[in-house]
Amino acid sequence: MKLTEEARSILETSYKHNRIGDTERQEIEFLIESLPEDRKLIYKNVDSNPIGDLERYSIHIRLQHMLTFVTFLTLAFTGLPILFLHAFWAEPFNILLGGIEITRIIHRTIAMIMIFTMVYHIFTIIFGAMLTIKQRRFDVRRTILPLMKDFYDFRDDILYFAGKKEQRPEMDKFMYKQKIHYFAAGFGNTVMIVSGSAFLFPEFWASILPESYASYFQELMRLSHPHEALLALLVIAFWHWYNVHLAPGRFPMQWTFLSGKITREHQIEEHFLEYLRNLVESPEEREQLREMMNRKGLLQTSTPGEETTA
Amino acid sequence: MIYNQYTQSLLKYFFDLSRINIIKVCVLPVLLHLIGISIIFFLLLITPIAFANFDDDEGCLICHSYPRMTRVTEDGAVRSYYVIPEVYANTVHRNVPCRDCHTYIKELPHKPVKEGVTCNTECHSIKNPATGQPFSHKTIYDTYMQSIHGRNKIVDGVESDKPYCVTCHTNPLYDPNEETPPEHVVGRCVLCHESEKFVTQWYKHTSRRIRDVKRSPQRIVELCASCHDDPKLVKRHVEHAEKEGLEIGAKFSIAVKSYNDSFHGKLTNYGYENAANCLDCHVEQDNFYKSVHEIRPSRDPLSPVHKDNKVNTCKKCHIYADANYAQLDAHPTAMPGQGDFRHIAEQIYNIISVVTIIGLVGLSLIETFARRRDGAAFQLKGGTSWRRKIKSNVDIEKN
Chain W
1096 MKLTEEARSI LETSYKHNRI GDTERQEIEF LIESLPEDRK LIYKNVDSNP
1146 IGDLERYSIH IRLQHMLTFV TFLTLAFTGL PILFLHAFWA EPFNILLGGI
1196 EITRIIHRTI AMIMIFTMVY HIFTIIFGAM LTIKQRRFDV RRTILPLMKD
1246 FYDFRDDILY FAGKKEQRPE MDKFMYKQKI HYFAAGFGNT VMIVSGSAFL
1296 FPEFWASILP ESYASYFQEL MRLSHPHEAL LALLVIAFWH WYNVHLAPGR
1346 FPMQWTFLSG KITREHQIEE HFLEYLRNLV ESPEEREQLR EMMNRKGLLQ
1396 TSTPGEETTA
Chain A
-19 MIYNQYTQSL LKYFFDLSRI NIIKVCVLPV LLHLIGISII FFLLLITPIA
31 FANFDDDEGC LICHSYPRMT RVTEDGAVRS YYVIPEVYAN TVHRNVPCRD
81 CHTYIKELPH KPVKEGVTCN TECHSIKNPA TGQPFSHKTI YDTYMQSIHG
131 RNKIVDGVES DKPYCVTCHT NPLYDPNEET PPEHVVGRCV LCHESEKFVT
181 QWYKHTSRRI RDVKRSPQRI VELCASCHDD PKLVKRHVEH AEKEGLEIGA
231 KFSIAVKSYN DSFHGKLTNY GYENAANCLD CHVEQDNFYK SVHEIRPSRD
281 PLSPVHKDNK VNTCKKCHIY ADANYAQLDA HPTAMPGQGD FRHIAEQIYN
331 IISVVTIIGL VGLSLIETFA RRRDGAAFQL KGGTSWRRKI KSNVDIEKN
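Just so you know, the protein sequences line up as chains W and A, in that order. Residues in the first sequence are numbered consecutively from 1096, following my numbering. Residues in the second sequence are numbered consecutively from -19, following my numbering.
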């Protein structure tokens, strides 16, 4: 297949970062060239282990996801009966937990774990980024930072879904959906922490804010806490669970959050640029892909020797 | 088995006609019933007199002990003038003779009453034990008259909406089972004071005040809301203020609704006792029982919620409160016109929520259709390797 300019640039960066020698480089280039032009053919025909083939998330990220997962749901299920105290379902729920006073204490305690998780995550990504910079392997396109490319990817993906394009866009390790979701969660967490602390320590927030804004701030926080929580809950229920559980092909669930690995076909379909890096980084992956494609008869039958003579 | 035997013997006992003694079975019970009923009737007849704890020296009960002592007023309302002696004997005023308050009664039978009882009347029969002077509620009454709620007993127009003493002082009856004095205390006091009744009453009088018996925060809010949350009453007063050009508080018309929406209100509704209720902010806490009668509007410099006094009032609970903190709105509202900022913010939030949810559900739907079209299946087995079943042979052949 012929690589786009973007993919070529990713590949070149990856060669540089992994200090790939000429022989190996030729081998990779040949493999990529002999792949079919239509990426759909690749990801529909590779074999994948449903538990995951390619490394994606470190143990820290998985642990943070697990903590967020547990604290988020606990906070939601203790927060809702506080917010809708007089709803018919809230009272039995509160009684189950030991009364509204206990629900409130649980809510705050779990909130502390959530804040810890956020701090832990910030430390992880800062130190992780510092480590890759030190190793001279840092590539901003491989991070979750939003770039202009994501807008184009989003547009192209919608066009593909609508049947106007042949291929899904070539996306990096984190696609537009994941970036939206990540920053929505980050923003939401911050809003929840700030507004929650405004409930607990109104004096502190009033003392650091200008006099004329103190009241507006408190009002806004009182409004934001339940609104942001409900919005987050709906986004999680409708979108995140759809993406990882309900989407056709992902059903019944993706194991990435436990195994830290992504399936090969998913990587090629939605994170093709990251798959190119996987090919550069792992000779075994190259070997497996070549074998698989060969078996399906999808590898173009040219050898490096023939190519040079032609 | 035992049960059956027992039932059988019982049935035999009752239905064996030979055993029936007519006098024993029929006449005696009837006689006993008659005697019993007469005793009960007699007791009922003498009860009011027998158990009345106060002496009706003035002879009011000659008429007022009749339950049918009622009158239909010009408005068609039924007014009862029935006094139940044993109930009155349990009220806080049980030691006060009728005419100490109903001073206008000069002869029996009395003339139609034009004026009501006011609470600033001096008692002729009850002496203040500290001063020896006739007892009265005058101090509290004068304080109350200074407050925004102050009014005379008989008024008309919007004034009559204001609470009189009895609006709040509903004076619940003493529960006779409540706080029975401990045996060793009564025994000790009776040694010198000689009367057990006297000792019990003093014990109850004192211990009730030490225990600080008053309404729970929820009940306090309910009491204030009974007027301040009455839409007709509020409307009447707002209109009256507009007509007369009087000042009216910014939060007057939404006081209860906005309080319930505030953090204090929510906590009080949860049943949390330490959150501020109406009286905690609107009443000077230093001499609570006096100043609770002296509620003033926030524009009055003596009011604890006046802008100059607010910080100190907040500091009663929020010890780190400063001038900025006093700016926080204790009566927040999202009503357009009253709380525009929050109203607009709420609207924006709603729009964001709806747009987000519609957008995400839409995205999910289009993705589902597209992936189904691509041949992705909801496949329970095989996890996320969803195309394995299809193998896409068609695609390969096409190629």
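C-beta: ideal position from N, C-alpha, C; glycine also. Here the structure is a predicted model, which means the values were calculated and not measured.
Item	Value
Backbone CA spacing between A57 of chain A and C204 of chain A [nearest angstrom]	26 Å
Neighbouring residues, chain A, relative to P1297 of chain W (Cβ below 9 Å)	F243, H298, A301, Y305 and L308
Separation of G1147 of chain W from R1390 of chain W, as counted between CA atoms	21 Å
Simplified DSSP assignment, three categories, for P1187 of chain W	helix
Three-state secondary structure assigned by DSSP to D122 of chain A	helix
CB of R48 of chain A within 9 Å of CB of Y62 of chain A, strictly	yes
Distance between R353 of chain A and P1343 of chain W (C-alpha atoms, nearest Å)	10 Å
is_contact[P1305 of chain W, chain A] using C-beta, thresh 9 Å	yes
Beta-carbon gap between P312 of chain A and D260 of chain A smaller than 9 Å	no
Close Cβ partners of A1206 of chain W (< 7 Å) along its chain, the five nearest in sequence each way excluded	L1170 and G1291
Residue environment, R1359 of chain W, which counts as buried when at least 16 other CB atoms sit within 10 Å	buried
Beta-carbon separation (whole angstroms), E227 of chain A vs R279 of chain A, contact threshold 8 Å	6 Å
7 Å Cβ shell around G1194 of chain W - same chain, five flanking residues per side excluded	none
Opposing strand residues paired with R59 of chain A [DSSP bridges]	A:R51
Status (buried if at least 16 other CB within 10 Å, exposed otherwise) for T150 of chain A	exposed
Under 7 Å from the C-beta of F1278 of chain W: neighbouring residues of chain A	Those within 7 Å of F1278 of chain W in chain A number zero; the least Cβ separation is about 13 Å.
CB contact check: K1274 of chain W to chain A, cutoff 9 Å	no
Short CB-CB distance (under 9 Å) between P1187 of chain W and chain A	no
Sheet register partners of K1356 of chain W (DSSP bridge)	W:E1150
Cβ of Q1383 of chain W within 9 Å of any chain A Cβ	no
Own chain partners of F1179 of chain W with C-beta closer than 6 Å, once the 5 adjacent residues on each side are dropped	A1185
D1267 of chain W versus W:G1392, W:R1151 and W:L1393, residue with shortest Cα-Cα distance	W:R1151
Helix, strand or coil at K1274 of chain W according to DSSP, with G and I counted as helix	helix
Terminal residues of the alpha helix (DSSP H) in which N292 of chain A lies	K290 to K295
CA-to-CA distance, T1219 of chain W to L1191 of chain W, given in whole angstroms	37 Å
Option nearest D35 of chain A by Cα separation, candidates A:E54, A:A301, A:H13 and A:S105	A:S105
Assigned exposure category for Y1370 of chain W - 16 Cβ within 10 Å defines buried	buried
Closest residue to V52 of chain A among A:E274, A:S45 and A:S60 (Cα-Cα distance)	A:S60
P9 of chain A (DSSP reduced to helix, strand or coil)	helix
Pairwise C-alpha distance: Q1121 of chain W and H1112 of chain W	16 Å
Cβ contact check for the segment 92 to 103 of chain A and the segment 111 to 128 of chain A: 3 or more pairs under 8 Å	yes
Element boundaries [alpha helix (DSSP H), containing P1378 of chain W]	P1378 to K1391
C-beta neighbour in chain A for A1182 of chain W, strict 9 Å	no
Residue-level contact to chain W via CB, P28 of chain A, 9 Å cutoff	The predicted position of P28 of chain A is uncertain, since its pLDDT is 47 and thus under 50; no value can be drawn from it.
Endpoints, alpha helix (DSSP H) assigned at R1231 of chain W	R1231 of chain W -> no alpha helix (DSSP H), and no H or E assigned at all.
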